[in-house]
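Novice: Below you will find the structure I want to go over with you.
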Amino acid sequence: MIALLLALGSSLAYGCADFLGGLGARKAHVLRTVMIAAPASLAVELLLWPFLGASFSAGALGWGAASGIASAAAFALLYRTLAIGPMNVLSPVTALVSAVLPVAVGLLQGEHLGAAGLVGMPLALVAVILVSAGHGAGSARPSRTALLSAFGAGGAIALQLVFLHQAPSDTGVAPLIIGRVVSSAVILAAAGLMYRRLGSERPAYAMSTAAGVLDSMANLLFLLAARSGDLTVVAVITALYPAGTVLLARSVLAERIRRGQLVGLGTAAVAVSLLALT
53 MIALLLALGS SLAYGCADFL GGLGARKAHV LRTVMIAAPA SLAVELLLWP FLGASFSAGA
113 LGWGAASGIA SAAAFALLYR TLAIGPMNVL SPVTALVSAV LPVAVGLLQG EHLGAAGLVG
173 MPLALVAVIL VSAGHGAGSA RPSRTALLSA FGAGGAIALQ LVFLHQAPSD TGVAPLIIGR
233 VVSSAVILAA AGLMYRRLGS ERPAYAMSTA AGVLDSMANL LFLLAARSGD LTVVAVITAL
293 YPAGTVLLAR SVLAERIRRG QLVGLGTAAV AVSLLALT
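Residue numbers (this note's numbering): 53 to 330.
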């Protein structure tokens with residue numbers, strides 16, 4: 053139950069971070085937004101170091117660096133997918149892949165689901181698809197390149213979660229710190245190479261900082277959830293992050309929630325209840 057609650061918190065934090073990051077990216081080039089968000093995330097993890105501890109063992113360094121590279125790749129592929137579109141078709145693909153791969157890894161590592169979990173797991177995957185599908189889903193046919201980008205983005209997100217899960221459980225926040233340092237270095241290097249294409253628009257500093265803080269908290273909650281529960285359950289609950297984005301868009305931007313998304317939110321509630329019994 054503790055792992056499930058932590059995973060729900062991680063999912064909500066990821067959804068809020070995506071919402072704020074998306075709004076920030078409307079005001080300036082996305083790299084300008086991430087250049088603020090990444091240091092903010094690192095600052096949060098460094099502040100948590102004295103309270104949660106950090107052991108920079110070989111395992112923490114290796115798996116943390118791998119998660120950082122995967123995080124940077126996820127960022128690049130996700131926004132390439134957004135640029136190609138249609139995201140209302142591709143977003144469910146990305147979210148589903150990011151859930152299925154960690155679930156498969158967990159099962160291969162010997163994790164088992166009870167009867168309630170065997171019902172709740174597919175329901176949760178269906179909920180991921182329904183909640184993340186935007187208006188007009190299915191009305192446009194994505195190109196092969198767009199589909200490959202969506203699969204790649206989902207795969208990179210999944211790898212980031214799997215790598216964090218593989219880090220030794222006694223290393224505290226060291227994997228998060230190493231991962232954030234590596235991903236920040238990659239992002240800053242990319243920004244340096246693309247400096248002339250970033251434009252002159254000023255980024256939304258407060259919004260970008262908040263997105264970075266929330267993303268850091270989401271990573272921390274996922275790490276704690278994965279250390280105290282099964283990856284199969286934690287990953288699929290975390291993949292429900294589009295629900296937080298949808299609810300914030302409804303409350304802040306007054307965007308209409310489609311009937312399919314409402315069904316998805318209800319399905320997610322049933323799935324979480326069943327997984328809680330596993």
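Ideal Cβ placement from N, Cα and C applies to all residues, glycine included.
In whole angstroms, give me the CA-to-CA distance for V145 and G206.
Specialist: As a first step, residue 145 is located in the sequence shown; it is residue number 93 there, counting from the start. As a first step, residue 206 is located in the sequence shown; it is residue number 154 there, counting from the start. So the alpha carbons of these two residues sit roughly 7 angstroms apart.
Novice: Using a Cβ-Cβ cutoff of less than 7 angstroms, which residues in the same chain neighbour S236 once the five nearest sequence positions on both sides are dropped?
Specialist: As a working mapping, residue 236 is identified with position 184 in the sequence shown. A90, P91 and L94.
Novice: Would you give the residue range spanned by the alpha helix (DSSP H) that E253 belongs to?
Specialist: Taking the sequence shown and counting its residues from 1, one reaches residue 253 at position 201. Segment: none, E253 is in no alpha helix (DSSP H) and carries neither H nor E.
Novice: Taking the alpha helix (DSSP H) that M53 belongs to, which residues open and close that run?
Specialist: As a first step, residue 53 is located in the sequence shown; it is residue number 1 there, counting from the start. It is not in any alpha helix (DSSP H) - M53 carries neither H nor E in the DSSP assignment.
Novice: Measure the CB-CB distance between A69 and A278 and report whether it falls below 8 angstroms.
Specialist: For the purposes of this step, residue 69 is taken as residue 17 along the sequence shown, with counting starting at 1. For the purposes of this step, residue 278 is taken as residue 226 along the sequence shown, with counting starting at 1. No, Cβ-Cβ distance for A69 and A278 is not below 8 angstroms.
Novice: Could you check whether the stretch 226 to 242 touches the stretch 55 to 67, counting it as contact only if at least three pairs of C-beta atoms, one from each stretch, sit closer than 8 angstroms?
Specialist: no
Novice: On the three-state DSSP scale, how would you describe G73?
Specialist: In the sequence shown, the residue the question calls residue 73 occupies position 21. In the structure shown, G73 sits in a helix (DSSP, three-state: H, G or I).
Novice: By DSSP, does A106 sit in helix, in strand, or in coil?
Specialist: Walking along the sequence shown from the start, residue 106 turns up at place 54. If DSSP states are grouped into helix, strand and coil, A106 belongs with the strands.
Novice: Can you give me the C-alpha to C-alpha distance between S201 and L129, rounded to a whole angstrom?
Specialist: Numbered from its first residue, the sequence shown carries residue 201 at position 149. Numbered from its first residue, the sequence shown carries residue 129 at position 77. One C-alpha to the other measures close to 6 angstroms.
Novice: Secondary structure at G166, three-state DSSP: helix, strand or coil?
Specialist: As a first step, residue 166 is located in the sequence shown; it is residue number 114 there, counting from the start. Correct three-state label for G166: coil.
Novice: Tell me which residue opens and which closes the alpha helix (DSSP H) that Q212 is part of.
Specialist: One-based indexing of the sequence shown puts residue 212 at position 160. Counting along the chain, the alpha helix (DSSP H) containing Q212 begins and ends at R196 to Q218.
Novice: Among the residues of its own chain, which have a CB less than 7 angstroms from the CB of S109, if the five just before and after it don't count?
Specialist: On the sequence shown, position 57 is the one that residue 109 refers to. Correct list, in chain order: P220 and T223.
Novice: Along the chain, where does the alpha helix (DSSP H) that runs through T223 open and close?
Specialist: Residue 223 sits at position 171 when you count from the first residue of the sequence shown. Run containing T223: none; DSSP gives neither H nor E here.
Novice: Please go through the same chain and pick out, in chain order, the residues whose beta-carbon is closer than 7 angstroms to the beta-carbon of A151, but skip the five residues on each side of it.
Specialist: Taking the sequence shown and counting its residues from 1, the one referred to as residue 151 is at position 99. Take A151, set aside five residues on each side of it, and the residues of its chain with a beta-carbon closer than 7 angstroms to its own are L177, V180, A287, V288 and A291, in chain order.
Novice: Contact check, L153 vs L228 under 8 angstroms by CB: the rounded distance?
Specialist: Counting from one through the sequence shown, the residue named residue 153 turns up at place 101. Counting from one through the sequence shown, the residue named residue 228 turns up at place 176. Between L153 and L228 the beta-carbon gap is near 20 angstroms, outside 8 angstroms, which marks them as no contact.
Novice: To the nearest angstrom, report how far apart I230 and G120 are at their CA atoms.
Specialist: Within the sequence shown, residue 230 is the residue found at index 178, counting from 1. Within the sequence shown, residue 120 is the residue found at index 68, counting from 1. Approximately 7 angstroms, taken between the alpha carbons.
Novice: How would you call F103, buried or exposed, if buried means at least 16 neighbouring beta carbons within 10 angstroms?
Specialist: Locating residue 103 in the sequence shown gives position 51, where the first residue counts as 1. It counts as exposed.
Novice: Can you find the residues in the same chain that come closer than 7 angstroms, C-beta to C-beta, to L273, ignoring five residues on each side of it along the sequence?
Specialist: Residue mapping note: residue 273 aligns to position 221 of the sequence shown, counting from 1. Around L273: L58, G61, S62 and A65.
Novice: What is the C-beta distance between G316 and L182, in whole angstroms, given that I count them as a contact (C-beta under 8 angstroms)?
Specialist: Counted from its first residue, the sequence shown places residue 316 at position 264. Counted from its first residue, the sequence shown places residue 182 at position 130. G316 to L182, Cβ: 3 angstroms. Contact.
Novice: Please determine, among V322, S303, H217 and V265, the residue with the shortest C-alpha to C-alpha distance to A117.
Specialist: Sequence index remark: in the sequence shown, residue 117 carries index 65 (1-based). Here the closest residue by C-alpha is H217.
Novice: Alpha helix (DSSP H) containing A80: first to last residue?
Specialist: Numbered from its first residue, the sequence shown carries residue 80 at position 28. Here A80 belongs to no alpha helix (DSSP H), and DSSP marks it neither H nor E.
Novice: Taking Cβ positions, are S268 and G76 nearer each other than 8 angstroms?
Specialist: Counting from 1 along the sequence shown, the entry for residue 268 is found at position 216. Counting from 1 along the sequence shown, the entry for residue 76 is found at position 24. Contact: no.
Novice: Suppose you measure from the CA of M53 to the CA of L100; what does that come to, to the nearest Å?
Specialist: Taking the sequence shown and counting its residues from 1, the one referred to as residue 53 is at position 1. Taking the sequence shown and counting its residues from 1, the one referred to as residue 100 is at position 48. Roughly 24 angstroms separates the two Cα atoms.
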